[in-house]
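Quick note, this note's numbering runs 47 ahead of the 1-based positions in the sequence shown.
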Amino acid sequence: MLETYRTSRNDRKRLTDFQNPFHPLMPLRIPLEPQQSFVDEDSSDEENLLQEKLRKKRKSPFENCYLCKIDPTSQHLHTLGNFIEQKDEEIDIKIPIKISLIPSFYEQRKLYVDIVREHLSAFARKGENMACFRAGITVYTFCCNESFRRDEYCDHYELCHMDVDDYIGRCPMYTDGCPFFYYKKAPKWGSLRFSEYLSCVIHCPPEVPTKIPYTGISLCELPKDVLHEIVQYLDSCSLRCLSATNHYLRRLCFENFCSASMVHIKWERSETHSWYEKCFMWEFSTSQRRIIDWNNQSTLPISDHLCECEFNVAEKYEAKKIALPFMAHQKN
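Next up, the structure:
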């Protein structure tokens, strides 16, 4: 038995069969002379780890190629170029010129915050496709991750991801630290504001003064028929805020308008760092009705601000103009 392990691993593997898949039959049928010196061809764990690191290093230039991930068997050009092996010869290392893509105002104060609405494919790495990451900045992705009914998705996307993004305009010199902003457009009816309870932008109706005197009757004291007529005109976002007022209004909203609510799973992390289904949640979404009419605001505020903006400093070039060969030929 001990003599068998003094043979090479390839020979032992070659002598295995279907009946003995792990060890060859004894004695070994090798018409060779007894081995004088032991040559160990079995790699240790450390050697296998070094070989795996070397293999990953050779494949690293092609990790970001999305064509390899979609169809590894196809022949194509990799996005990051070919692999260049390191040469043993000494190469003069040149220090690259540092080109800062960040304005000096943020770089001096170490403020590297910039929110950009950009979509990158799931197969692409942000560090290889965004210029700010190459300067040594960490990139974070902020996702919406809100739950909606299927018939509410279009209204939410149009209001919160299209119209609201163009709601506020900033000074063109904001990259240098100017805090000025103005409203580029506003709803024709009502106004927009940020709700801390819902953590989103909501559309608030205008406050219309009524001529009916207040009699001291609260909303909960109204008859159920009157409440039903009032609440049926509310959207899911308003129903969510109304149901959080007290237990009576919450029961009224879920009993009479359960068709506008949704049920989803609440996940919770366990002590073993795994996720499990804790319970089912029944609630209203933060979806709102679509705003059809918008009023475009005047651009006079930004025009007046640029005349007085302290960051809008004009640069004067006092160097002499260099005549181009074409202009010099015309003078001659």
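Built from N, CA and C at the ideal position, the CB exists for glycine as well. In this text the structure is predicted, and so the values were computed from the model without any measurement.
In the DSSP assignment, find the unbroken beta strand (DSSP E) run with residue i in it and report its ends.
i      : result
LYS313 : 309 to 316
ILE234 : Note that residue 234 corresponds to Pro in the displayed sequence, not to Ile. Per DSSP, PRO234 belongs to the beta strand (DSSP E) from 232 to 234.
GLU357 : Looking at the DSSP string, GLU357 is not in any beta strand (DSSP E), and its letter there is neither H nor E.
LEU239 : 238 to 242
HIS294 : Element bounds for HIS294: not the beta strand (DSSP E) but the alpha helix (DSSP H), 294 to 303.
GLY216 : 215 to 217
ILE339 : ILE339 -> no beta strand (DSSP E), and no H or E assigned at all.
CYS191 : Run containing CYS191: none; DSSP gives neither H nor E here.
MET328 : 322 to 330
HIS250 : 247 to 251
Going by alpha carbons, who is nearest to residue i out of the options?
i      : options                        : result
SER345 : PRO219, LEU299, TYR229         : TYR229
MET220 : ALA370, ILE369, LEU353         : LEU353
LEU269 : LEU299, SER285, ASP282         : LEU299
TRP329 : ILE117, PHE195, THR257         : PHE195
ARG316 : MET309, ILE369, LYS325         : LYS325
ASN293 : HIS275, LEU266, CYS305         : LEU266
GLU302 : LEU286, LYS313, TRP314, ILE312 : LEU286
SER306 : ASP282, THR319, TRP322, SER321 : ASP282
TRP304 : SER55, GLN335, SER242, HIS275  : It is worth fixing the name first, because residue 304 is Phe in this sequence and not Trp. It is HIS275 whose Cα lies nearest to the Cα of PHE304.
VAL310 : LEU101, ARG197, LYS103         : ARG197
When you compare the CB positions of residue i and residue j, do they come within less than 8 Å of one another, or not?
i      : j      : result
VAL278 : LEU289 : yes
ILE249 : CYS284 : yes
TYR214 : LYS231 : yes
CYS225 : CYS356 : yes
PHE331 : ILE312 : no
LEU206 : GLN335 : yes
PRO71  : LEU62  : yes
Grab me the residues of residue i's own chain with a C-beta within less than 6 Å of its C-beta, minus the 5 sequence neighbours each way, in chain order.
i      : result
LEU245 : THR333
PRO253 : GLY237
PHE217 : For clarity, residue 217 is Arg in the given sequence; the question names Phe instead. Only PHE228 meet the Cβ criterion.
GLN66  : none
ARG297 : SER290
THR54  : none
ILE349 : TYR229
SER242 : ILE249
LEU97  : none
SER321 : none
Keeping to the same chain, check which residues put their C-beta closer than 8 Å to that of residue i; ignore five residues upstream and five downstream.
i      : result
PRO234 : HIS250, ILE338, ASP340, TRP341, ASN342
TYR295 : CYS267
SER121 : LEU114
LYS271 : LEU299
TRP314 : TRP322, TYR323, GLU324, LYS325
VAL211 : LEU239, VAL248
GLU365 : none
Could you confirm whether any beta carbon from chain B is found closer than 8 Å to the beta carbon of residue i?
i      : result
ARG297 : The structure shown has no chain B; it contains just one protein chain.
To which residues of the same chain is residue i closer than 7 Å at the C-beta, ignoring the five residues directly before and after it?
i      : result
LYS134 : Confidence in LYS134 is poor, its pLDDT being 47 and thus under 50, which makes the residue's placement unreliable; the coordinate value appears in the next sentence. So no residue of the chain qualifies.
LYS60  : none
HIS123 : LEU114
PHE358 : MET220, ASP223, GLY224, CYS225
Quick one: give me the first and last residue of the alpha helix (DSSP H) that residue i is part of.
i      : result
CYS201 : 200 to 205
ALA60  : A quick correction: the sequence has Lys, not Ala, at residue 60. Unbroken alpha helix (DSSP H) run through LYS60: 56 to 61.
> Which ranges would you report for the alpha helix (DSSP H) in the segment 259 to 291 if only whole runs of at least 4 residues count?
Replying inline: 271 to 278, 283 to 290
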